[in-house]
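Everything below concerns the one structure shown next.
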Amino acid sequence: MMSSFETWSLKNETCKSSVDPDLMLHCSLLPSVAIIVLLSCLEKRARRHPIDDKCPLLNRSCGVVVPLDFVGAFSNRWSLGFAFGATANKVMVMFSEGYGPLQAPSWAKALVLLIGAMEVGLSSYPFFACLSTRFQITGAILGFLYTGSWFVVMVMYIVQCPHGQVIGEYENVVFYWPPLLCLVFLLGRFLHIFVKVLWARHRQELPNKTSFLEVHQAQYVQQLLKKPPVEQPQKSWIQRNIYEWDPHFRFPTRMIGTAVLTIICLYIFVVFEFYVYKLVTRTLEMVVNEFEGLVASGNATEATTSHVQFLNEFLDVTEGVWMFTTYTAYLTCISYVFHILACYRKHMKRLWAGVKQFLPLAYCKLSSSQSVAAIARYSGWQIAYILWGYLVIHTIQCLFGMLLMYSFILPIKWGQEVEVFTNLGIGILALGIVVGLMLLQVVMAASFFLQPKIFQTDREKPLALDNRKVFHNFNYFLFFYNMLMGLGTCLFRLLCSLIVGAWLIGRIDRTIMPKGYEAADMGFRTWIGMLFMDHYHTNPTLVCFCHILVARNQERQQQRITSYQHFNDPADFRVSNKARTRWLLLYTLLNNPTLSTLRKPK
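Residue numbers (the numbering used here): 36 to 637.
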C-alpha cells in the first residue's frame, strides 16, 4: 500500500491545470496597458501644450496616471495595503531570483531582474491606479474586472491542483491563500466604491472639496495650541509598556502597505523555508533508510549501527528544534514590523518638535538627493531586511537550541544527569569567581583607594586617590591577572556583538554599527532619509500654515471678484454709463501706470 505522501505526489504529477499563474502574468500586461491608457485619457494635465492647439480634441487630456502617493497620502490606506498584499506571491518569486522573462548571461543578471521587476510592477499597476483615480466609477469597474480575472485564475489553479510534492495535501492552498484573501478584499472594495458613488449621484450630493490638510493634522496643531491639562490621565499597562494609540497621528499609505506586504511575504518565506527543510530531511531519511537496510541484512559493523542510531536521533532533535524556533523567529520578526511602526511615530514626533539629538551627528544634515532616493528605497529594503533577519535569527536560534539539547537535555535523557549538573556547577562556580574578582576590585577601590566624602550628604566619594603606595602595588599584582581575564572578556564582547547584530539585522530603524561608523549602515541611512523626507513634506504645522495661506488667498480672490462684479451691473448704479466707464479706466490706470504711455492721444 502506498503512503499518503506517495499518493499526494502521484496526484500532483498527474495534475495538469488549465491555467498557469506565470503565463497569466505575461498575458496580463496587455489589459494592464489598456487600463493605464484609458485612465490616462481621462486624466487632465495641469498645463496646455502646443499639441493641444494642433489637436483640439485632446483638451489637456492624456495626463500622467499616479498609482499611489508614496509621500503624503493618508486616505485609502488599507485598500492600497491589501493591493500590495495581492502582489506578495510575485514579490517572493522575484526575491528568490526564480523569475526572469529573458535568458541572458550572468553579467546581465541585474538587468534581467530589473526587466522582471518592471513586468511585475506593470501587471500590478491597475490594482493601485483604479483605487487612486479621481474617476471612481471607471476605476471601480476596471479594477473589479481586472482583479476578478486574477481571482478566477488563482482559484482555478488551486482547485485543479491543490496538492504538492513537498508539504503534500493542500500545499498550494497554504501558499496562495494570503494573496487570494487580498484579492477578495479588493473585489469588495471596488464594489463598495461603485455603489457609494452611484448612491451619491442618485441623491445629487456634491463631492467634497479636496484639501492637502488632513483632519488629523489640523487636530494635532490644535492640540499644540491648547494648554496642557494640570492632571495627566492614568495610563493602562498596555499604554505604558506596549503601545498607546494617538488619535492625532496617522501612518502614511507607504508604511501601512509596507507592513501588510512584509507580513504576507514573511509568511510565504516561512513556507518556502519549510519546503527546503522538508527536501533536505527527506534526502537524509533516504540515506538513513539505506543504512538501516544494511544493518538489517547483518552486513554492517557496530560502528555503522551506532552511526545510524546517531543519525536517527540527530534528525529527530533537529526537526523538533527547527519547528520550535520557526515559531519564535517568526513571532520575533512580526513584532519587529509593529515595533518599526511605533519607532516611526516616535521619531516623526521628535522631528516635528525640533528634537534631533537621537540622530547621529553625521545624519543631522542629510542631503536632499539622499532623502529622495531613500523614500524610493525604503519599502523594498524594509521587506528584504525583515526576510533576511528572519533567516539569520532562525539559524542562530536553531544553533543555540541544538547546543542546549546536546549539552543538557539529551545527556539527562541518557542518564548522565550527575555529570551534567556537576559540569554546570563547575562552570557557574568558575564564572562566579571571575565576576567576584571583578567586583572585588571595585569594592576595594571604593573602600581603600578613594578619599572620604567631602559632605556626608554626597552620594559617592570624590575621584581623589588615597593610599597611593598600596594602590600602585595593587595595580602591579593584578596587571597579569587582568591580562588573562581580558582574553575571556574580549571573546565575550565578540559573542555579544554577534548575537546583538544578528538579532537586530532585521531592524532598519536602528544601526548595528558602532558610533562613528553609522554611515556604513545603508539601511539605517535609508531610514533617516525617509524620516527627513516625511518630516519636510508632512509636518502638520507646516502643512497647516500652507493651508491657511492658500485659504486666505482664495478668500481675497473671492472678495475681489464679488467687489468688482458690481461694475458690470448697471442696475446697481444710478449714474451714467460714461461715468462708470471712466471710473473703471481710472482704477485700471492706477493699478497699471505703464499703460498710460500706451494710450492713444487726443
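From the three backbone atoms N, C-alpha and C, an ideal C-beta is built for every residue, glycine too. This structure is a prediction, so every number in the text was calculated from the model and none was measured.
Check: Inter-residue Cα distance where the pair is threonine 160 and threonine 318; Outcome: A small correction: the amino acid at residue 160 is tyrosine; threonine does not occupy that position in the sequence shown. Going by the C-alpha atoms only, they are around 42 Å apart.
Check: Tryptophan 280 beta carbon less than 7 Å from that of asparagine 574; Outcome: no
Check: Those residues which DSSP pairs with leucine 709 across a bridge; Outcome: A query on residue 709 cannot be resolved here, the shown segment of the chain reaching from 36 to 637 and no further.
Check: Cβ contact (3+ pairs, closer than 8 Å) linking the stretch 584–594 and the stretch 424–444; Outcome: no
Check: Distance between leucine 445 and valine 453 (C-alpha atoms, nearest Å); Outcome: 13 Å
Check: Leucine 498 in three-state terms, based on DSSP; Outcome: coil
Check: Contact under 7 Å by Cβ, tyrosine 312 with arginine 542; Outcome: no
Check: Where leucine 166 falls: helix, strand or coil (DSSP); Outcome: helix
Check: Local Cβ density within 10 Å of valine 295, reported as buried at 16 or more and exposed below that; Outcome: buried
Check: Candidates Gln344, Glu308 and Phe309, of which the one nearest glutamate 325 by Cα; Outcome: Gln344
Check: For leucine 485, three-class secondary structure by DSSP; Outcome: strand
Check: Secondary structure of phenylalanine 105, DSSP reduced to three states; Outcome: coil
Check: First through last residue of the alpha helix (DSSP H) which encompasses leucine 633; Outcome: No alpha helix (DSSP H) contains leucine 633, which DSSP labels as neither H nor E.
Check: Helix, strand or coil at phenylalanine 40 according to DSSP, with G and I counted as helix; Outcome: Bear in mind that the predicted position of phenylalanine 40 carries a pLDDT of just 38, short of 50, making it unreliable; the figure below should be weighed with that in mind. If DSSP states are grouped into helix, strand and coil, phenylalanine 40 belongs with the helices.
Check: Beta-carbon proximity of histidine 251 to histidine 283, cut-off 7 Å; Outcome: yes
Check: Which of helix, strand or coil DSSP assigns to aspartate 57; Outcome: helix
Check: Per-residue burial, asparagine 502 [other beta carbons within 10 Å of its own, 16 or more giving buried]; Outcome: exposed
Check: Given 8 Å, three or more beta-carbon pairs between the stretch 521–531 and the stretch 425–438; Outcome: no
Check: Beta-carbon contacts of leucine 77 that lie in its chain and below 6 Å, excluding the five residues immediately before and after; Outcome: Phe170
Check: Rounded separation between asparagine 347 and valine 455 - CA only; Outcome: 23 Å
Check: Glutamine 392 beta carbon near the ligand GTP (any heavy atom closer than 6 Å); Outcome: No copy of the ligand GTP occurs in the structure displayed, which carries no ligand at all.
Check: Which of helix, strand or coil DSSP assigns to glutamine 405; Outcome: helix
Check: Through-space distance from leucine 472 to glycine 460, alpha-carbon basis; Outcome: 18 Å
Check: Exposed unless 16 or more other CB atoms sit within 10 angstroms - verdict on glutamine 258; Outcome: exposed
Check: Where arginine 289 falls, given that 16 or more other Cβ within 10 Å makes a residue buried; Outcome: buried
Check: Cβ-Cβ separation, valine 407 to methionine 568 (assumed contact under 8 Å), whole Å; Outcome: 7 Å
Check: Cβ-based burial, asparagine 207 [other Cβ within 10 Å; buried from 16]; Outcome: buried
Check: Beta-carbon contacts of tyrosine 278 that lie in its chain and below 7 Å, excluding the five residues immediately before and after; Outcome: Ala377
Check: Methionine 437 in three-state terms, based on DSSP; Outcome: helix
Check: 7 Å Cβ shell around lysine 550 - same chain, five flanking residues per side excluded; Outcome: none
Check: Beta carbon of leucine 630 nearer than 7 Å to that of leucine 624; Outcome: yes
Check: C-alpha distance - proline 605 paired with glutamine 594, whole-angstrom precision; Outcome: Note that proline 605 scores 47 on pLDDT, short of 50, meaning its location in the model is unreliable and no value can be drawn from it.
Check: Close-in-space but distant-in-sequence residues of the same chain around glycine 183 (CB under 7 Å, 5 per side omitted); Outcome: Leu222
Check: Distance CB(alanine 145)-CB(proline 102) smaller than 7 Å; Outcome: no
Check: In chain order, each alpha helix (DSSP H) run of at least 4 residues that lies wholly inside the stretch 298–361; Outcome: none
Check: Residue environment, alanine 118, which counts as buried when at least 16 other CB atoms sit within 10 Å; Outcome: buried
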